[in-house]
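Residues 1 to 450 in the working numbering are what the sequence shown spells out, letter by letter.
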Amino acid sequence: MGRVKRLKPKGRLVIRNRKPNIKGEVAISIMFSVNRDVVCRATGVYVKPEQWDSDKQEIVGHKEANRLNNKLAVIKRSYESVIEAYEGPLTKERLSRLLDGNLNDEQKDPKKVDFIQYAVDYNRVRFDTGKVGYSTYYNHGLYIEKFKNYIADVKKEAFLPMPEVTVELMDAYKVSRMKSIGNETMNKELTPLFKAIEYAVQNGLMNTNMLNVSRNGYVEKKQRSYTGEVEDNESSVHYLTREQMARFVALYSEVKYDRTREIMDMFLFAFHACGLRVSDIATLEWAHIDFANSTMRKMLVKAKNFHEIHLNSAAIQILHRWQDKGYNPRFVFNLLPVDFKFSDKSNQEQCDRELKMKIASKNRTIGQSLRAIGLKIGVEGFNLTMHVARHTFAVYALNPPINMSLHLVSRLLGHSSVTATEKNYAMFLPETLSEEVERKLQFEDYNPLK
């Protein structure tokens, strides 16, 4: 059987100093043990040494034994209730401050809680409660220390308030560490940090959005063409019905937060801009837009080929709205920093990796809002994502009343071949092909039986 220790320390009443005072009495103290360290507090109760039963932890043979024992019990319960109410991991210093009543405000204010120390403490708690063995505990401690050194280099101090633990920070840390380690090692180093994030969310010290980081923030062992973006394949073709799309548009003016409306803008632009992928939404620059001719010209991130399309009036209106916002002089939807570099002669592989991570991070954040919107507009059986906008465009374009040719849709989607488009959307073609044959391929002049 492995050892099992209490997560919440219990008090024990003891005589610490057996040297009597002038009255021949000794002080009764209450002692708590945490992580093999001892914290003691005086109770203000004094008795003669022979009047204390250490096994039963009570006063005997004293004329006021009942009253004094009741007083000790109240003191003990009072301290233990404070400890039980505290939801964070405990160290000797933290327990001492908690018993003195000067830790509660810090616990409630995430700005005063150091995430690094929190991760260290929680790692210790997991070891003390038998959730991890010593080797895991030891290695996790080393991984937290590496993160601490990174923060010290970046911030010039090794103190990281809870609100400053962000998706962007964790992605930047991954990019920094992966210059010298592989994906599998990176995931090992992230584990104690993600465990601490989950525990902080549970205790109200961190926004619930950070749960997505702890669950989906690990690096894929196999690098894909674009991390976090749904690939084109028949099994993942989810699209909005026209009724759902109408509800989406109606909801646009009703949402409470401007950021939600901005994310809806990105989805609508992806749809109106002929199914633009999220990677190309993120990397879209003002320099790619020709307002005079209503065109967009850019290099596609996934296909790595030059792409030019005409933008309809709805897409242009969205761009004008974002011009008025003035968020970013370079990137249209402000998903990348203005000084982001796409190429680096000294380390292009690292540059590409950083781009993938940044876009994947943004895509996860956008996805959270879209999932909530999807529920409001009646999406069932799949999550609303940016890639759904791409599929929705393709399905609408191929079917009535538009009935666009497969070849043109393929070009607008930026597919490398018509074969790829046909493979992805084969299930949506029969109705379109039948319509085309009925409308265009009658050849009445060559029918002798007409």
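Ideal placement from N, C-alpha and C gives every residue a C-beta, glycine not left out.
query	result
Buried/exposed call for residue 354, threshold 16 Cβ in 10 Å	buried
As assigned by DSSP and simplified to three states, the class of residue 228	Reliability fails at residue 228, whose pLDDT of 41 lies under 50, so the model's placement of it is uncertain and no value is given.
Per-residue DSSP class, three states only, for residue 192	helix
Boundaries (first-last residue) of the alpha helix (DSSP H) holding residue 272	258-272
Cα-Cα separation between residue 385 and residue 371, rounded to whole angstroms	7 angstroms
Whether residue 331 touches residue 285 by CB criterion (8 angstroms)	yes
Unbroken stretches of the beta strand (DSSP E), 3 residues or longer, contained in the segment 117-166	none
Integer-rounded CB distance, given that residue 194 should sit under 8 angstroms from residue 389	No, residue 389 and residue 194 are not in contact; Cβ-Cβ is about 30 angstroms, not under 8 angstroms.
Simplified DSSP state of residue 349, which is helix, strand or coil	helix
Nearest neighbour of residue 142, chosen from 188, 294, 90, 179 [CA to CA]	188
Beta-carbon gap between residue 176 and residue 150 smaller than 8 angstroms	yes
N- and C-terminal bounds of the alpha helix (DSSP H) containing residue 76	65-85
Through-space distance from residue 307 to residue 295, alpha-carbon basis	10 angstroms
Alpha helix (DSSP H) segment containing residue 314, residue limits	313-325
Whole-angstrom C-beta distance between residue 237 and residue 403, which should lie under 8 angstroms	Wrong, their Cβ atoms sit about 18 angstroms apart, outside the cutoff.
Beta-carbon proximity of residue 161 to residue 111, cut-off 8 angstroms	yes
CA-to-CA distance, residue 337 to residue 276, given in whole angstroms	20 angstroms
Which of helix, strand or coil DSSP assigns to residue 298	strand
Three-pair Cβ contact test at 8 angstroms for the segment 35-50 versus the segment 81-97	yes
Separation of residue 415 from residue 253, as counted between CA atoms	34 angstroms
Bridge partner(s) assigned by DSSP for residue 55	Per DSSP, none; premise fails for residue 55.
Rounded straight-line distance, which links the Cα of residue 272 to that of residue 312	7 angstroms
Where residue 1 falls: helix, strand or coil (DSSP)	With a pLDDT of only 38 at residue 1, under 50, the local geometry of the prediction cannot be trusted, and the value read off the model is given with reservation. It is coil, neither helix nor strand.
Three-state secondary structure (DSSP) of residue 24	coil
Straight-line gap, residue 71 to residue 168 (C-alpha atoms, nearest Å)	53 angstroms
Whole-angstrom distance between residue 153 and residue 123, CA atom to CA atom	23 angstroms
Rounded straight-line distance, which links the Cα of residue 186 to that of residue 178	7 angstroms
Supposed contact pair residue 127 and residue 165 - C-beta distance, whole angstroms, cut 8 angstroms	Not confirmed; about 22 angstroms, so no contact.
Which of helix, strand or coil DSSP assigns to residue 14	strand
Beta strand (DSSP E) segment containing residue 306, residue limits	306-310
Residue interval of the beta strand (DSSP E) (run including residue 91)	Segment: none, residue 91 is in no beta strand (DSSP E) and carries neither H nor E.
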